[in-house]
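Converting from the sequence shown to this note's numbering requires adding 271 to each position, the first position being numbered 1.
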Amino acid sequence: MGDRLGRRRTLLTALASNGIFGVIAAFMPTYSLLMLTRFCSSVGIGGSLPIVFTFYSEFLVRKNRGKHLSFLLVFWALGGLFVAVLAWGIIPRSGATIMDTKRLQFGRWRKFLLICSIPAIVSAVGVSFLPESPRFLLEMGRNSEAIYVYKQIFSWNNAVKSGEEYQLTELEVPGKRPTVHVSIPSNRGILREMLRSVENCWNNISGVFASPHTFLTLFLLVIWTTTSFGFYGISIWLHEYTKVIEDNDFESRTIKQANLIVEDKNLNTTIENTHFTNLSFINVRFVQTLINHCTFYNCSFTNCTFSNIRTSRTYFRNCEFIQTEFLDTDLYPNKFQACSFNYSDFFNTKGGCDIDFDVNFKLAELFYENLFAQLAILPGTLISSFILDRIGRIKTLGFSLVLTGLSVGFLWFAESKEMIIAFEATFTFLSVFGWNALDVMSTEAYPANIRTTSYGIFAALSRLAAILSNITFGSAVEVSKLIPIIISSAVLLAGAVCVTRLPETKDYLV
Numbered sequence: 272m273g274d275r276l277g278r279r280r281t282l283l284t285a286l287a288s289n290g291i292f293g294v295i296a297a298f299m300p301t302y303s304l305l306m307l308t309r310f311c312s313s314v315g316i317g318g319s320l321p322i323v324f325t326f327y328s329e330f331l332v333r334k335n336r337g338k339h340l341s342f343l344l345v346f347w348a349l350g351g352l353f354v355a356v357l358a359w360g361i362i363p364r365s366g367a368t369i370m371d372t373k374r375l376q377f378g379r380w381r382k383f384l385l386i387c388s389i390p391a392i393v394s395a396v397g398v399s400f401l402p403e404s405p406r407f408l409l410e411m412g413r414n415s416e417a418i419y420v421y422k423q424i425f426s427w428n429n430a431v432k433s434g435e436e437y438q439l440t441e442l443e444v445p446g447k448r449p450t451v452h453v454s455i456p457s458n459r460g461i462l463r464e465m466l467r468s469v470e471n472c473w474n475n476i477s478g479v480f481a482s483p484h485t486f487l488t489l490f491l492l493v494i495w496t497t498t499s500f501g502f503y504g505i506s507i508w509l510h511e512y513t514k515v516i517e518d519n520d521f522e523s524r525t526i527k528q529a530n531l532i533v534e535d536k537n538l539n540t541t542i543e544n545t546h547f548t549n550l551s552f553i554n555v556r557f558v559q560t561l562i563n564h565c566t567f568y569n570c571s572f573t574n575c576t577f578s579n580i581r582t583s584r585t586y587f588r589n590c591e592f593i594q595t596e597f598l599d600t601d602l603y604p605n606k607f608q609a610c611s612f613n614y615s616d617f618f619n620t621k622g623g624c625d626i627d628f629d630v631n632f633k634l635a636e637l638f639y640e641n642l643f644a645q646l647a648i649l650p651g652t653l654i655s656s657f658i659l660d661r662i663g664r665i666k667t668l669g670f671s672l673v674l675t676g677l678s679v680g681f682l683w684f685a686e687s688k689e690m691i692i693a694f695e696a697t698f699t700f701l702s703v704f705g706w707n708a709l710d711v712m713s714t715e716a717y718p719a720n721i722r723t724t725s726y727g728i729f730a731a732l733s734r735l736a737a738i739l740s741n742i743t744f745g746s747a748v749e750v751s752k753l754i755p756i757i758i759s760s761a762v763l764l765a766g767a768v769c770v771t772r773l774p775e776t777k778d779y780l781v
């Protein structure tokens, strides 16, 4: 769409889709509708990324193009910081908080989604006041409109200089690149228009892989996918490994009770992280309490009462219940495995989601991790903005991939959560140089008629690589740290080798 309908119109559509569906998602009553609206919002996010770089780059002079495009990426980091701080202030930070007041916390999530939609809506309003890319207008043969846009830009840049007039004596643009044939049907109809749109889309995609861009596209695809696979794979592995450390620490503190008789007691305090084996509970009342991560195995309950009980990851296995009442609990059938009930009844079982909610999760620690990672992006982006135009895109990208690939080896020594957070910040800092160079290079390497199409292809396939890396690295969390180290280092260094086959694009005309 960006190469056919224009950068401005497509960007407006993407931002509006992101913002509008983001607002709608905040009011969705069911999980399936929430996921559907979030998917539509994500389509807008994905559609805006290729357009933003292309749109902005076509207003920049060649000498400082890398610096200004890197400055654009600074706001990506600022957006991440905005979300992290916003989440810290609005979203509940622990599972226990959500269990206490579920209705209030769901309202907080809705507020968070609403506020996160505001930047997209504000950006859409701002873009509506911007002109179309003059480079796109020239490519479409709309020369007079392009000249008018150049005059607008000149007047904005020289607003303080009265009497200055824009005079175009010579316009330097790239030479004509090979273009693909676009058929224009003589008799227009809905079906013909749809077929024409599909044909135009296919022509643009095939143009990205056609000569003289074939090898350039293949090498860039390898670099995009390896960088995405290595970066997102390590990121998800670090998060999952942190959870493993926390779970192991929690399990090491498990209390075990066996072969006991508990009689005539009122239990109204939290029961947590305990395994009960062969216990007999007689005339025991469990009242207004949380039973968290507990297992009752081969236990008997006689004349007992469970009243106003909340549970998390708690199960009864091979247990017997005699004359026992369950009143206002969330003990669903899946909590009881191979259990027998004699003269026992359930009253007012709490409705809602029967997914076994883990009260142990702590979003506060996730906020900290994300905050440090986003803070690491800022200095990396600022530094890369000053070196991209000096040493070039190729050297910046190559050095970043090599250093990032080698730095993964230090993951072997990360044994605590603090060390993992420090490693993640360092890894992100080194990676951002490569991402910035790759974004700039991918924008500059293609002619205007397929520029957004090429970037969109790279971004889409990199997301597929990220999904594959999540599956690959997620399954290796409890195996060995050597596996993610070898895999990520190999793919990142393979990407660095491919960089040597790319042309330097800092002097290209766009």
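C-beta atoms are modelled at their ideal positions from N, C-alpha and C, and glycine is treated no differently.
Keep in mind it's a predicted model, so treat the numbers as computed, not measured.
Residues that residue i bridges to, as DSSP identifies them
i, result
"I532", "S551"
"Y573", "This sequence places Thr at residue 573; Tyr is not what is there. T573 is bridged to I553 and I593."
"Q608", "R588"
"L352", "In the DSSP output, where bridge partners are listed per residue, L352 has none listed."
"I526", "T545"
"C565", "T545"
"V558", "S578"
"L538", "F557"
"L598", "S578 and F618"
Cβ shell of residue i (< 6 Å), same chain only, five flanking positions each side left out
i, result
"A391", "L286, N289 and G290"
"F572", "F552, F592 and T595"
"L509", "I691 and E695"
"A736", "T496, S499 and F500"
"L642", "A355"
"S740", "F500, Y503 and G504"
"Y779", "E715"
"L331", "H339"
The beta strand (DSSP E) enclosing residue i, as first and last residue numbers
i, result
"I580", "T576 to S583"
"F330", "First-last for F330: undefined, no H or E at that position."
"F612", "S611 to N613"
Backbone CA spacing between residue i and residue j [nearest angstrom]
i, j, result
"T498", "S506", "12 Å"
"V453", "N475", "Unreliable placement is indicated for V453, whose pLDDT of 44 sits below 50; the coordinate value is still reported in the next sentence. Each residue's Cα considered, the two are about 10 Å apart."
"N429", "Y421", "12 Å"
"F577", "F567", "14 Å"
"S713", "S313", "22 Å"
"F729", "D518", "37 Å"
"I295", "T308", "7 Å"
"L649", "L349", "8 Å"
"K666", "L672", "10 Å"
"V451", "V479", "Reliability fails at V451, whose pLDDT of 46 lies under 50, so the model's placement of it is uncertain and the value that follows must be treated cautiously. Approximately 10 Å, taken between the alpha carbons."
"I455", "E464", "With a pLDDT of 46 at I455, under the threshold of 50, the modelled position of this residue cannot be trusted; read the value that follows with caution. Taking the straight line joining both Cα atoms gives about 9 Å."
"P405", "A708", "24 Å"
"S457", "F292", "Residue confidence for S457 is low, a pLDDT of 48 falling below 50, so the modelled location carries little weight; the figure read from the coordinates is stated next. So the alpha carbons of these two residues sit roughly 37 Å apart."
"P449", "L668", "Since pLDDT at P449 reaches only 49, below the 50 mark, its modelled position is unreliable, and no value is offered."
Residue from the options whose Cα sits closest to the Cα of residue i
i, options, result
"S733", "G766, V398 and I757", "G766"
"L283", "P402, G680, H339 and V354", "P402"
"E410", "V314, R722 and L487", "R722"
"R279", "L305, P321, T541 and S313", "P321"
"I526", "I542, C575, L276 and R333", "I542"
"C590", "S611, K606 and L598", "S611"
"D546", "W347, F657, L492 and T585", "For clarity, residue 546 is His in the given sequence; the question names Asp instead. Minimum Cα distance to H546 is reached at T585."
"F239", "W347, L602 and V398", "The requested residue 239 does not occur in the structure, where the chain is confined to residues 272 to 781."
"I756", "S746, A693 and V679", "V679"
"N574", "D616, A685 and V750", "D616"
"T652", "A635, M272, W706 and T724", "W706"
Where the alpha helix (DSSP H) containing residue i begins and where it ends
i, result
"R588", "That residue, R588, is in no alpha helix (DSSP H); its beta strand (DSSP E) goes Y586 to R588."
"E403", "Unbroken run through E403: none, as it is neither H nor E."
"D518", "T485 to S523"
"F617", "From DSSP, F617 is part of no alpha helix (DSSP H) but of the beta strand (DSSP E) over D616 to F618."
"W427", "N414 to N428"
"N720", "Unbroken run through N720: none, as it is neither H nor E."
"K666", "R664 to S678"
"L764", "L753 to V770"
"A296", "R278 to A296"
"R463", "I461 to F480"
Any chain C beta carbon closer than 9 Å to residue i
i, result
"S426", "The displayed structure is made up of one protein chain only, and chain C is not part of it."
Neighbourhood of residue i by C-beta distance below 7 Å, restricted to the same chain and skipping five residues each side
i, result
"V762", "T497, F500 and G501"
"R524", "N544"
"D520", "none"
"L550", "Q528, L531, V533 and C570"
"S394", "L286"
"C769", "F490, V493 and I494"
"S482", "none"
Cβ-based neighbour list, residue i, same chain, cut-off 8 Å, excluding 5 preceding and 5 following
i, result
"S583", "G366, M370, L561, I562, N563, H564, D627, F628, D629, V630 and N631"
"D535", "I553, N554 and V555"
"R336", "S328, D660, V711, E715, K777 and V781"
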